[in-house]
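Residue numbers (the working numbering), protein chains in the order written: chain B, 159 to 514; chain W, 159 to 514; chain U, 159 to 514; chain H, 159 to 514.
Built from N, CA and C at the ideal position, the CB exists for glycine as well.
One structure is given below, encoded as structure tokens.
Protein chains: 4
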Amino acid sequence: MSGSTFGKCFQVSTWGESHGPALGVVIQGCPPGIELDESVIQKSLDKRKPGHGVASTKRKEPDIPEIMSGIFEGKTTGTPISIMIRNHDAKSRDYSDIASLFRPGHGDFTYHAKYGIRDYRGGGRASARETAARVAAGAVAEAFLRQIGHNISVDSMTVALGGIWIEKKDFAFAASNSFECPDQNALGKIEKRIDEVRKSGDSLGGVLEITARNVPAGLGEPVFDKLDADIAKAMMSIGAVKAVEIGSGCEAAVKTGFDNNDQITPSGFESNNCGGILAGISNGDDIVVRVHVKPIPSILKEQKTVDDKGNPCVLSTRGRHDICAIPRINPVCRAMLYLVIADHVLRQKAISPQKS
Amino acid sequence: MSGSTFGKCFQVSTWGESHGPALGVVIQGCPPGIELDESVIQKSLDKRKPGHGVASTKRKEPDIPEIMSGIFEGKTTGTPISIMIRNHDAKSRDYSDIASLFRPGHGDFTYHAKYGIRDYRGGGRASARETAARVAAGAVAEAFLRQIGHNISVDSMTVALGGIWIEKKDFAFAASNSFECPDQNALGKIEKRIDEVRKSGDSLGGVLEITARNVPAGLGEPVFDKLDADIAKAMMSIGAVKAVEIGSGCEAAVKTGFDNNDQITPSGFESNNCGGILAGISNGDDIVVRVHVKPIPSILKEQKTVDDKGNPCVLSTRGRHDICAIPRINPVCRAMLYLVIADHVLRQKAISPQKS
Amino acid sequence: MSGSTFGKCFQVSTWGESHGPALGVVIQGCPPGIELDESVIQKSLDKRKPGHGVASTKRKEPDIPEIMSGIFEGKTTGTPISIMIRNHDAKSRDYSDIASLFRPGHGDFTYHAKYGIRDYRGGGRASARETAARVAAGAVAEAFLRQIGHNISVDSMTVALGGIWIEKKDFAFAASNSFECPDQNALGKIEKRIDEVRKSGDSLGGVLEITARNVPAGLGEPVFDKLDADIAKAMMSIGAVKAVEIGSGCEAAVKTGFDNNDQITPSGFESNNCGGILAGISNGDDIVVRVHVKPIPSILKEQKTVDDKGNPCVLSTRGRHDICAIPRINPVCRAMLYLVIADHVLRQKAISPQKS
Amino acid sequence: MSGSTFGKCFQVSTWGESHGPALGVVIQGCPPGIELDESVIQKSLDKRKPGHGVASTKRKEPDIPEIMSGIFEGKTTGTPISIMIRNHDAKSRDYSDIASLFRPGHGDFTYHAKYGIRDYRGGGRASARETAARVAAGAVAEAFLRQIGHNISVDSMTVALGGIWIEKKDFAFAASNSFECPDQNALGKIEKRIDEVRKSGDSLGGVLEITARNVPAGLGEPVFDKLDADIAKAMMSIGAVKAVEIGSGCEAAVKTGFDNNDQITPSGFESNNCGGILAGISNGDDIVVRVHVKPIPSILKEQKTVDDKGNPCVLSTRGRHDICAIPRINPVCRAMLYLVIADHVLRQKAISPQKS
């Protein structure tokens with residue numbers, strides 16, 4: 159079925175494998191009249207590309223978006239927007255060594271179990287490369303939201319990596335480093351930790367915090383398509399994410415009701431434990447989401463596995479790999495939050511009590 | 159739009175307000191030939207009803223399911239199954255005191271912002287009473303899954319309440335107490351904590367762990383309708399849930415790749431940090447989910463709020479209220495997991511590589 | 159799957175069998191603030207009920223709608239509207255004589271082939287009784303459309319019955335007779351034809367024309383959810399309908415382009431061969447639809463059939479039956495057109511280029 | 159919203175404008191393991207391309223499909239199949255003469271009314287060129303259906319053109335001419351009629367009959383997603399189609415019940431007035447559909463229209479244009495029927511009473 163489609167009104171369908179000719183996305187429901195060109199999308203894609211940070215590989219992977227439809231004279235027309243990104247490494251190395259192996263922590267085994275066939279080159283559809291299409295779509299959602307006048311914006315930052323938590327939030331500093339880490343002191347420790355782990359042939363995970371500002375009250379559709387439910391799905395659909403929190407999140411479970419409730423005054427809510435969402439509907443405060451990202455499963459250390467005939471094997475990933483998904487997953491999380499909000503902005507227009 | 163519908167193949171649409179004449183659910187896509195009657199649903203509903211535990215109110219709320227369609231001679235026919243549960247307290251007390259107030263922690267403000275009108279009696283659609291329809295639907299999903307032969311079952315238990323965590327898992331004990339708490343020692347502390355908090359007019363949250371067993375490998379649809387993504391949405395759509403973890407969850411973010419990967423041997427996965435899901439597809443191991451539940455927002459302590467004209471007010475909830483949602487939220491979480499699995503079992507049938 | 163759901167924004171899900179306890183509909187997406195009560199729905203249902211016309215049976219079937227949710231103090235709240243209609247003949251006659259027979263022209267054989275089980279009492283889900291839920295939903299769509307200010311209205315009339323075509327359109331006269339036939343002369347012939355056919359134990363079909371007025375230009379979503387495509391589906395989903403035409407319809411195929419094109423002047427389109435829809439989008443003119451209705455398959459004449467073991471049998475329907483579906487199918491067609499338009503009004507709000 | 163998506167289980171989303179860089183389709187839900195390559199798609203596209211028949215233009219428009227994803231080593235993998243077709247005439251002539259005019263019979267006015275902006279080059283999204291993507295998708299559905307073993311096939315033929323009806327069905331002859339007309343005598347008259355109309359600068363419509371053979375009984379989902387309802391939508395979503403009939407179609411409305419019912423014997427149905435569908439579910443007989451196609455609206459004759467400021471103008475289309483859509487619309491209708499059947503085959507797998 160339509161497992162590669164997200165959203166009901168602002169609806170995106172992605173396609174493409176890691177080592178096929180290209181990947182892309184078709185966006186339906188974007189209203190007409192939105193100014194859009196490739197440069198807007200390129201800007202977001204550039205933030206996702208492998209950087210020069212200590213956690214990244216040195217591979218070059220220039221992601222150039224091509225808009226194939228839905229734009230006329232620089233504006234959206236209301237028809238489907240098709241964006242394609244060519245894969246430049248498509249005819250890459252020999253994958254025969256892992257073609258029949260199930261890499262631990264990857265989808266090799268489960269894709270095999272589900273489909274009985276899998277494109278093993280670079281992970282195929284399960285590759286993190288798939289998120290490039292999400293980022294492209296998120297850029298369109300961002301452009302749409304920026305142009306409808308609420309000044310909605312989504313930021314994110316790394317709040318923990320390899321078990322090291324930030325202790326302050328210096329947004330200017332976060333913007334200056336590829337980890338989008340807002341604490342210079344913590345970043346120093348993180349880089350040290352990454353170096354150690356790299357040497358041991360292992361990898362690290364971390365925690366991101368994503369914040370949407372200026373989201374109007376009233377978005378979200380009870381009882382299943384609640385704004386937080388859709389955000390949880392959006393975030394958990396990112397391969398490496400294993401936990402999602404909204405507002406006070408896990409902390410909510412240890413607070414009392416009095417401490418967790420956000421009391422209300424004529425000037426607004428006194429706190430934001432709810433993370434900007436009450437009963438599944440935005441309340442006008444910042445929407446605050448935290449995602450917990452597992453360490454990258456491809457490691458140099460030897461691991462036990464089996465091949466597709468069930469024979470035991472030892473796997474040691476060769477070549478250069480990212481040590482941590484964090485630097486690159488920030489723009490993906492932002493894209494997903496933009497997509498959720500754009501979808502619910504349109505859904506709210508449809509149900510709006512105003513006369514049409 | 160269709161915010162009250164969940165699932166694509168096994169699809170449920172709930173309706174009803176806390177104090178309307180009834181609430182209910184329409185289930186589409188349940189295959190024909192499944193044995194089903196009201197007693198099956200009643201059994202699940204009974205587990206959700208206000209118990210006699212220390213955290214619960216003494217209110218009586220007999221939830222009697224009536225099957226209105228889709229069953230013939232004790233079996234499903236493949237047509238929509240409509241289940242209705244009458245509200246017995248429909249014509250209850252005078253709500254004029256809170257009709258114009260926005261209760262902190264509740265959806266009063268956001269429903270007002272979204273719809274411009276709201277049924278304020280008992281929370282209307284935002285009431286936890288809505289979950290009775292989910293539990294009824296979950297009972298149908300459970301019956302379907304039980305009868306197709308995989309022996310799929312979903313259990314859940316309380317692993318923390320009011321900040322007190324369990325230290326052992328005694329399933330027999332969990333089945334014996336209304337908190338579904340598997341640690342007798344922890345339960346003692348929890349009951350004490352609840353007593354204290356009740357006296358102070360406050361409330362508590364907690365953490366549940368839900369486990370699905372015997373789920374076949376291959377369920378889940380990349381890249382957005384991943385099994386974990388749909389579970390995250392399902393759980394976060396429950397009003398009180400503020401965080402969802404899969405497998406090692408938040409812990410995954412502090413582990414190294416080597417420690418977090420589940421190595422594979424001819425006899426299976428050596429660990430289950432992935433929580434039974436790899437790349438969004440079930441791997442045949444137990445599916446393990448944890449949800450963090452906020453404290454009930456209705457408390458006796460005075461709180462600041464405003465009315466719908468923006469005037470400041472003080473709110474003190476009267477009457478008896480639950481201190482903690484935990485005892486009653488267990489069956490709701492189980493129902494949601496049954497629904498997700500039933501949906502993906504059917505989705506997998508549709509995409510199955512087998513000849514039709 | 160969700161075969162009993164129609165519409166994407168104004169979305170209805172019907173349930174119920176002919177001889178179950180009740181049938182009903184859940185409506186999602188109806189905007190809040192619409193005035194609605196049972197009397198509005200009753201009015202539409204009354205037009206569908208078996209009349210006293212010569213083509214109808216004398217059976218009594220009082221359809222009383224009960225609104226179970228979604229209305230508060232006389233207005234829609236934006237939450238799902240659940241409407242239930244009790245079946246009063248539920249525990250009716252002995253059906254054992256046809257329990258194992260496949261009636262020609264009915265869904266007995268195909269339901270059996272599809273589901274392997276069927277509720278044979280009165281046709282079960284395949285009964286025309288199912289359309290009562292559509293009419294109830296259509297009444298809600300009509301109320302919504304009336305209250306948003308475009309003055310959208312849907313009329314229909316019988317333009318042929320038993321091969322006898324009308325020759326003039328006297329709307330006042332159409333409103334005065336149960337056939338909704340606008341030509342007194344034709345009606346005389348029709349009634350005579352019906353009498354003849356009744357005596358021979360046979361039945362008749364006919365043709366309806368449904369017209370929607372004051373539909374704003376801009377409704378419909380290319381390329382698949384075109385307004386005419388959705389109308390075609392809506393009409394063809396009514397059991398007895400075997401053909402659907404839009405505007406000049408079948409005639410369009412014999413005209414030249416010059417004759418079929420609707421030329422445009424500053425005061426509007428010079429003709430309406432397109433039936434108010436160009437390229438799948440409404441153009442502001444009347445939407446004109448014709449449906450061709452097959453004769454009722456239940457007849458007194460003996461027919462050949464088989465039982466569910468493949469044995470040949472002779473079937474002769476006993477009891478009183480309608481001779482023609484026409485008088486009762488008019489309100490169903492109107493309801494379906496109201497539903498399509500309401501859905502596309504909301505869809506257009508979502509995609510509207512206006513700032514939100 | 160998602161107006162460019164068709165199907166629920168075998169789901170296609172098309173994109174692209176007549177004069178953009180390309181058009182294409184993303185197919186979700188095609189089961190894995192189906193053999194597929196570009197040649198299969200090319201074969202269907204070739205049947206749609208402008209032929210050398212008397213009704214066609216001489217324009218060259220080589221439609222070359224490129225499979226961008228979802229295929230690995232010659233087989234579908236179960237992931238989205240993306241197919242792209244480049245537009246070779248993208249940078250074509252100057253359209254400024256019609257940029258501000260609303261061509262009668264086209265979607266110019268309605269796209270303008272709906273979106274406030276439109277890609278006027280060659281009709282943009284409303285161009286018949288969009289159907290190339292449908293044909294590509296249909297070829298995939300055909301391949302899927304052929305490989306699952308029922309031997310399902312869809313044929314179509316021209317049964318009328320310019321008011322001239324065929325009188326015999328010689329399938330071999332139909333396969334030999336670009337009109338897919340099965341009657342040599344009728345074809346002679348048709349060609350003559352086309353010549354006359356071409357000289358007068360006008361255009362013609364016609365009627366097609368599409369037949370699906372070997373469709374198993376049991377496909378279709380009451381009560382809205384009936385097989386005939388989905389077929390009606392599929393056909394009516396083709397721009398030029400103004401009427402759709404199933405089985406006896408319009409004739410059903412003038413027959414008696416006895417004559418229209420298909421009586422049943424141990425060896426099958428005695429007739430096929432129902433067109434292979436009873437109560438919305440296939441009965442195993444041929445599915446027979448007729449569509450009525452309007453004449454092409456682009457004609458050389460002068461027509462009245464207005465510009466986007468409401469000023470009256472005279473329009474005379476220049477250049478070579480097709481006289482009749484018929485030769486090219488046959489493969490589009492076949493594609494749509496393949497898509498509907500493929501979708502319902504998968505939907506039936508999901509609801510199948512068999513154990514999974």
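Can you look up residue 443 of chain U in the DSSP assignment and give me helix, strand or coil? Sequence index remark: in the third sequence, residue 443 of chain U carries index 285 (1-based). Residue 443 of chain U falls in the coil class under three-state DSSP.
What would DSSP say about residue 296 of chain B, mapped onto helix, strand or coil? In the first sequence, the residue the question calls residue 296 of chain B occupies position 138. Correct three-state label for residue 296 of chain B: helix.
Can you check whether the C-beta of residue 210 of chain W is within less than 9 Å of a C-beta belonging to chain U? Numbered from its first residue, the second sequence carries residue 210 of chain W at position 52. In this prediction, residue 210 of chain W scores a pLDDT of 44, lower than 50, which makes its location untrustworthy; the coordinate-derived value is nonetheless stated afterwards. For residue 210 of chain W, the answer is no, since every Cβ of chain U falls outside 9 Å of its Cβ.
Interface residues of chain B around residue 175 of chain H at Cβ under 9 Å? For this step, residue 175 of chain H is matched to residue 17 along the fourth sequence. Simply 227, 228, 230, 235, 237.
Drop a sphere of 10 angstroms on the beta-carbon of residue 262 of chain B, count the other beta-carbons inside from all chains shown, and report buried for 16 or more, exposed for fewer. Locating residue 262 of chain B in the first sequence gives position 104, where the first residue counts as 1. Classification of residue 262 of chain B: buried, given that the 10 Å Cβ count is 16 or more.
Paired residues, beta bridge with residue 470 of chain W - DSSP: Here residue 470 of chain W corresponds to residue number 312 of the second sequence, with the count starting at 1. DSSP output for residue 470 of chain W lists W:464 as bridge partner(s).
Beta-carbon separation (whole angstroms), residue 441 of chain H vs residue 455 of chain U, contact threshold 8 Å: Reading the fourth sequence from its first residue, position 283 is the one you call residue 441 of chain H. Reading the third sequence from its first residue, position 297 is the one you call residue 455 of chain U. Rounded, the Cβ-Cβ distance is 13 Å, inconsistent with contact.
With a threshold of 9 Å between beta carbons, is residue 258 of chain H in contact with chain B? Here residue 258 of chain H refers to the residue found at position 100 when the fourth sequence is read from its first residue. Cβ-Cβ to chain B under 9 Å: no for residue 258 of chain H.
Under 8 Å between beta-carbons, which chain B residues line up against residue 505 of chain U? List them in chain order, please. The count along the third sequence starts at 1 and reaches residue 505 of chain U at position 347. Result: 508.
Closer than 8 Å at the beta carbon, the chain W residues around residue 190 of chain H: The residue labelled residue 190 of chain H in the question sits at position 32 within the fourth sequence. By Cβ distance, chain W contributes 509, 511.
Span separating the alpha-carbon of residue 306 of chain B from that of residue 192 of chain B: Along the first sequence, read from residue 1 onward, the residue named residue 306 of chain B stands at position 148. Along the first sequence, read from residue 1 onward, the residue named residue 192 of chain B stands at position 34. In a straight line, the C-alpha of residue 306 of chain B is about 9 Å away from that of residue 192 of chain B.
Which chain W residues are close to residue 472 of chain U, counting only those with a beta carbon under 9 Å from its beta carbon? Translated into the one-based positions of the third sequence, residue 472 of chain U becomes position 314. Residues of chain W passing the Cβ test: none, with the nearest at roughly 26 Å.
How many Å lie between residue 430 of chain B and residue 369 of chain B at the Cα? By one-based count along the first sequence, residue 430 of chain B stands at place 272. By one-based count along the first sequence, residue 369 of chain B stands at place 211. Using only the alpha carbons, I get a separation of about 12 Å.
Interface residues of the region 407-433 of chain U facing chain H [CB-CB below 9 Å]: 407, 408, 409, 410, 411, 412, 413, 414, 415, 416, 417, 418, 419, 420, 421, 422, 423, 424, 427, 428, 431, 432, 433
Suppose you measure from the CA of residue 511 of chain H to the CA of residue 200 of chain B; what does that come to, to the nearest Å? As a working note, residue 511 of chain H is residue 353 in the fourth sequence. As a working note, residue 200 of chain B is residue 42 in the first sequence. Each residue's Cα considered, the two are about 49 Å apart.
How would you list, in chain order, the residues of chain B whose beta-carbon sits under 7 Å from the beta-carbon of residue 164 of chain W? The count along the second sequence starts at 1 and reaches residue 164 of chain W at position 6. Chain B residues near residue 164 of chain W: 382.
With 9 Å set as the bound, which would you pick, yes or no: does the beta-carbon of residue 324 of chain W sit closer than that to a beta-carbon of chain B? Locating residue 324 of chain W in the second sequence gives position 166, where the first residue counts as 1. For residue 324 of chain W, the answer is no, since every Cβ of chain B falls outside 9 Å of its Cβ.
Mapping DSSP to helix, strand and coil, what is residue 290 of chain B? Looking up residue 290 of chain B in the first sequence gives position 132. Three-state DSSP puts residue 290 of chain B in a helix.
Output, in chain order, the set of chain H residues within a Cβ distance shorter than 8 Å of residue 339 of chain W. Taking the first residue of the second sequence as position 1, residue 339 of chain W is located at position 181. Neighbours of residue 339 of chain W on chain H: none; closest Cβ ~35 Å, over 8 Å.
Would residue 438 of chain B and residue 397 of chain W be called neighbours here (beta carbons separated by less than 9 Å)? Taking the first sequence and counting its residues from 1, one reaches residue 438 of chain B at position 280. Taking the second sequence and counting its residues from 1, one reaches residue 397 of chain W at position 239. Contact: yes.
Which residues does DSSP list as the beta-bridge partners of residue 482 of chain W? Along the second sequence, one-based indexing puts residue 482 of chain W at 324. W:362, per the DSSP bridge assignment.
Is the distance from the Cβ of residue 162 of chain W to the Cβ of residue 380 of chain B below 9 Å? Working through the second sequence from its first residue, we reach residue 162 of chain W at position 4. Working through the first sequence from its first residue, we reach residue 380 of chain B at position 222. Going by C-beta atoms, residue 162 of chain W is nearer than 9 Å to residue 380 of chain B.
Using a Cβ cut-off of 9 Å (strictly closer), state whether residue 495 of chain U contacts chain W. Counted from its first residue, the third sequence places residue 495 of chain U at position 337. Answer no: the Cβ-Cβ gap between residue 495 of chain U and chain W never drops below 9 Å.
Cβ of residue 378 of chain U within 9 Å of any chain B Cβ: Residue 378 of chain U sits at position 220 when you count from the first residue of the third sequence. Closer than 9 Å: no.
For chain U, is any of its Cβ atoms less than 9 Å away from the one on residue 283 of chain H? Reading the fourth sequence from its first residue, position 125 is the one you call residue 283 of chain H. With 9 Å as the cut-off, residue 283 of chain H counts as an interface residue toward chain U.
Please confirm whether residue 168 of chain H has its beta-carbon closer than 9 Å to some beta-carbon of chain U. Locating residue 168 of chain H in the fourth sequence gives position 10, counting from the first residue. So no, residue 168 of chain H is outside the interface.
On the premise that residue 297 of chain H lies in contact with residue 202 of chain H, defined as a C-beta separation below 8 Å, what is that separation, rounded to the nearest angstrom? In the fourth sequence, counting from the first residue as 1, residue 202 of chain H sits at position 44. In the fourth sequence, counting from the first residue as 1, residue 297 of chain H sits at position 139. The pair is a contact, with the Cβ atoms about 4 Å apart (cut-off 8 Å).
Please go through the same chain and pick out, in chain order, the residues whose beta-carbon is closer than 6 Å to the beta-carbon of residue 304 of chain H, but skip the five residues on each side of it. For this step, residue 304 of chain H is matched to residue 146 along the fourth sequence. Cβ neighbours of residue 304 of chain H beyond the five flanking positions: none.
Applying the 10 Å Cβ sphere with the 16-neighbour rule, what's the burial state of residue 238 of chain B? Counted from its first residue, the first sequence places residue 238 of chain B at position 80. So residue 238 of chain B ends up on the buried side.
Examine chain U for any beta-carbon lying closer than 9 Å to the beta-carbon of residue 275 of chain W, and answer yes or no. In the second sequence, counting from the first residue as 1, residue 275 of chain W sits at position 117. Output row for residue 275 of chain W: interface = yes.
Is there a C-beta anywhere in chain W that falls below 9 Å from the one on residue 160 of chain U? For this step, residue 160 of chain U is matched to residue 2 along the third sequence. Yes, its Cβ sits closer than 9 Å to a Cβ of chain W.
Does the beta-carbon of residue 486 of chain U have 16 or more other beta-carbons within 10 angstroms, so that it is buried, or is it exposed? Locating residue 486 of chain U in the third sequence gives position 328, where the first residue counts as 1. With 16 or more Cβ atoms within 10 Å of its Cβ, residue 486 of chain U is classed as buried.
In this structure, does DSSP put residue 308 of chain B in helix, strand or coil? As a position in the first sequence, residue 308 of chain B is number 150, starting the count at 1. Coil, per DSSP.
Which of the three DSSP states, helix, strand or coil, is assigned to residue 448 of chain H? On the fourth sequence, position 290 is the one that residue 448 of chain H refers to. Of the three classes helix, strand and coil, the one that applies to residue 448 of chain H here is strand, per DSSP.
From residue 509 of chain H to residue 342 of chain H, what distance separates their C-alpha atoms? Here residue 509 of chain H is taken as the residue at index 351 of the fourth sequence, counted from 1. Here residue 342 of chain H is taken as the residue at index 184 of the fourth sequence, counted from 1. Cα-Cα distance, rounded: 46 Å.
Determine the extent of the alpha helix (DSSP H) in which residue 394 of chain B is found, giving its start and end residues. In the first sequence, counting from the first residue as 1, residue 394 of chain B sits at position 236. Residues 385-394.
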